[in-house]
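Chains as they are written, first to last, in my numbering: chain A, 195 to 437; chain B, 67 to 361. Okay, structure first, notes after.
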Amino acid sequence: MEAPTQRHTQPALEVRGLDVNYSGIRAVRQLDLTVNAGEIVTLIGPNGAGKSSTLMAIVGLVQRSGQIYLDGQDVSGFSTEQMVRAGLTLSPEGRRVFSGLTVAENLRLGGASNKDRAAEQVRLLDTFPVLKERYHQRAGTLSGGEQQILAIARALMSRPRILLLDEPSLGLAPKIVDTIFQVIAELRQWGISVLLVEQDIERALRVSDRGYVMSHGEILATDTAANMLSDANLKDLFFGAHQ
Amino acid sequence: MEVFAQQALNAIALGGVYALLGLGLAMVFSVLGMINFAHGEIMTLSGYALVFVATTLGWPFGLAVISACLLAGAAAAMTERIAFRPVRGASLTTMLLTTFAVSSILHVVFQNFISPRPIAVPVPEWLTQSLNVGGLQIGTLQAISIAVSLVALIGLVGFLRFSTLGLAMRSAAQDFSVTRLMGISADRVIIGAFAISGLLAGLSGFLWVAQRGSVDPLMGFVPVLKAFTAVVLGGLGSLNGAVLGGFLLGILEVSLRASLPQELLPFRDAISLSIVIGLLVMRPQGLIGRAEAVR
Chain A
195 MEAPTQRHTQ
205 PALEVRGLDV
215 NYSGIRAVRQ
225 LDLTVNAGEI
235 VTLIGPNGAG
245 KSSTLMAIVG
255 LVQRSGQIYL
265 DGQDVSGFST
275 EQMVRAGLTL
285 SPEGRRVFSG
295 LTVAENLRLG
305 GASNKDRAAE
315 QVRLLDTFPV
325 LKERYHQRAG
335 TLSGGEQQIL
345 AIARALMSRP
355 RILLLDEPSL
365 GLAPKIVDTI
375 FQVIAELRQW
385 GISVLLVEQD
395 IERALRVSDR
405 GYVMSHGEIL
415 ATDTAANMLS
425 DANLKDLFFG
435 AHQ
Chain B
67 MEVFAQQALN
77 AIALGGVYAL
87 LGLGLAMVFS
97 VLGMINFAHG
107 EIMTLSGYAL
117 VFVATTLGWP
127 FGLAVISACL
137 LAGAAAAMTE
147 RIAFRPVRGA
157 SLTTMLLTTF
167 AVSSILHVVF
177 QNFISPRPIA
187 VPVPEWLTQS
197 LNVGGLQIGT
207 LQAISIAVSL
217 VALIGLVGFL
227 RFSTLGLAMR
237 SAAQDFSVTR
247 LMGISADRVI
257 IGAFAISGLL
267 AGLSGFLWVA
277 QRGSVDPLMG
287 FVPVLKAFTA
297 VVLGGLGSLN
307 GAVLGGFLLG
317 ILEVSLRASL
327 PQELLPFRDA
337 ISLSIVIGLL
347 VMRPQGLIGR
357 AEAVR
């Protein structure tokens with residue numbers, strides 16, 4: 195697994211003053227975060243902190259207010275489909291592959307906004323040979339790990355510059371989790387910036403450059419992943435339950 | 067044996083019309099989670115268009131049928147743009163009320179601007195004749211019903227399997243939010259579903275009015291009820307279920323018509339609905355529906 199060593203300074207994704215309300219309840223409050231080009235950034239926090247809401251709001255799946263910039267361009271008013279076409283996509287929590295569709299159909303839909311989807315598919319099938327083996331199988335018949343790989347590959351079919359990953363290792367066997375994190379680390383080499391929400395915080399930070407700590411819809415702290423990993427307070431707060 | 071074959075043909079012909087009707091409702095339900103009760107009025111509109119194009123414009127009947135179907139598709143897409151898009155995301159009750167409002171407005175338009183009375187459809191003579199195939203009496207209209215239903219269903223399967231928009235409609239039936247994450251416009255998927263639903267209403271409208279020989283403002287009520295029954299029987303949210311439900315309903319009605327004693331025939335619809343309810347008690351999600359329909 196590649197260790198994060200490069201320094202990244204060019205913001206690929208900037209979020210300023212993001213608010214999300216669900217029927218009057220503020221799930222996310224005045225959230226600011228930045229993901230630089232080629233960076234992997236982890237958003238950590240307890241359940242109900244607003245991490246998934248943040249990802250869904252950035253991609254436009256829930257009502258939001260605030261500013262979002264992609265490579266400096268203001269995309270705050272973009273719909274979900276416009277966001278995807280602009281180069282940002284989300285692999286949602288719980289995999290959510292189209293179980294009634296085949297692997298091939300899932301990938302085809304993933305590349306619906308990519309004119310060069312045939313070449314992208316060849317690259318992804320080489321990277322994830324299991325999808326080649328299961329190509330004509332219905333996604334619903336795949337194992338949990340295979341479905342997660344399909345969900346990530348489907349998101350990559352649009353050739354995003356920024357990938358939001360929500361709980362990619364949730365409910366998977368340890369061996370599969372290794373593969374998933376290997377894939378996430380490789381995304382850096384593909385030039386894809388990643389904003390990751392993950393329950394296995396220690397593991398997530400090991401592949402990340404930086405991290406944000408979130409609670410009650412707000413960012414409490416931010417630091418490099420290395421510093422966060424060695425922070426005794428954070429260890430007590432978050433890592434204990436996962437070791 | 068001959069009687070059985072004859073009844074089987076009748077069941078396929080009727081089931082095909084119900085399948086087209088059910089599929090029209092299911093297309094919209096699969097993307098919006100809403101039963102469009104104005105579907106019957108779109109069907110009625112296609113009937114009026116058929117009469118207008120064939121009688122007033124004097125176009126050949128085949129061309130009139132195609133025009134009526136296209137108009138129904140366009141009209142359904144227009145109802146989405148004008149009536150349903152503004153309430154998209156509202157509660158299910160609001161959306162259902164909107165479908166009733168569209169249905170009522172179209173009724174009033176038909177009654178006041180066309181005629182409150184039935185208008186005869188100029189069905190060509192060849193359509194009312196029958197063919198004798200190996201001792202079986204097959205009505206031309208019945209043969210056309212079977213052929214049109216099969217061609218439409220095969221065409222639709224091809225569209226849903228091989229086109230990106232069709233795939234998006236299938237995926238939207240499963241998970242609409244994630245379909246949007248594929249970079250596919252929600253508006254395009256929804257308006258596409260309405261347009262196809264309208265085309266199917268036009269096709270089934272042609273088969274329906276050709277059979278009864280007239281069109282009137284309230285004509286759409288019974289077909290939309292049959293379509294709704296077919297969709298619920300097959301499983302809400304399942305396109306395959308709508309087709310299966312349509313054919314099963316057709317088979318059920320034809321079987322009851324053939325087997326019930328004369329004095330029970332007026333209760334045929336009540337009996338067939340009771341059987342459907344019985345099936346739903348055993349399988350509330352429908353025959354091949356998901357336990358929980360997803361928008």
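Idealized CB from N, CA, C, for every residue including glycine.
Run through DSSP, which three-state label would A/Glu208 get?
strand
Inspect the beta-carbon positions of A/Glu299 and B/Leu233 and report whether they are closer than 8 Å.
yes
Please report whether the beta-carbon of B/Ala156 lies at a distance below 8 Å from any beta-carbon of chain A.
no
Along the chain, where does the beta strand (DSSP E) containing B/Val290 start, and where does it finish?
Premise fails: B/Val290 lies in the alpha helix (DSSP H), 287–300, not in any beta strand (DSSP E).
Ignore the nearest five residues each way along the sequence and tell me which others in A/Gln315's own chain have a CB closer than 7 Å to its CB.
Leu301, Gly305, Met351
Taking the runs of the beta strand (DSSP E) that are 3 residues or longer, which of them lie wholly in the region 109–148 of chain B?
none
Contact set between B/Gly249 and chain A, taken where Cβ atoms lie within less than 7 Å:
Glu275, Val278, Arg279, Ala306, Ser307, Ser352
Could you tell me which chain A residues have their CB closer than 8 Å to the CB of B/Ala234, listed as they occur along the chain?
Leu303, Ala306
Given a threshold of 16 other Cβ atoms within 10 Å of its Cβ, counted over all protein chains shown, does A/Glu327 qualify as buried or as exposed?
exposed
I want to see whether chain A comes within less than 8 Å of B/Val244, judged by CB atoms only; does it?
yes
Below 7 Å CB to CB, which residues in the same chain sit around A/Met277 once its five sequence neighbours on both sides are set aside?
Val253, Gly254, Val269
Measure from the C-beta of A/Phe292 to each C-beta in chain B and report whether the shortest distance is under 8 Å.
yes
Environment of A/Thr236 [buried if 16+ CB atoms lie within 10 Å]
buried
Spatial distance of A/Val214 from A/Ser247 (CA atoms)
7 Å
What is the residue span of the alpha helix (DSSP H) that B/Ser237 lies within?
230–240
Separation of A/Leu359 from A/Glu340, as counted between CA atoms:
16 Å
Beta-carbon proximity list for A/Ala221, same chain, < 6 Å, skipping 5 on both sides
Val214, Gly244, Ser247, Gly411
Going by DSSP, what residues sit across from B/Ile185 in a beta bridge?
B/Val281
Determine the burial state of B/Lys292: buried for a count of at least 16 other Cβ atoms within 10 Å of its Cβ, exposed for fewer.
buried
Taking B/Ser102 as the reference, give the member of B/Val187, B/Phe260, B/Val189, B/Gly81 with the closest Cα.
The sequence shown places Asn at residue 102 of chain B, not Ser. Taking only the C-alpha atoms, the option nearest B/Asn102 is B/Phe260.
In angstroms, rounded to a whole number, what distance separates the CA positions of B/Trp274 and A/Leu284?
46 Å
Pairwise C-alpha distance: B/Phe118 and B/Met144
20 Å
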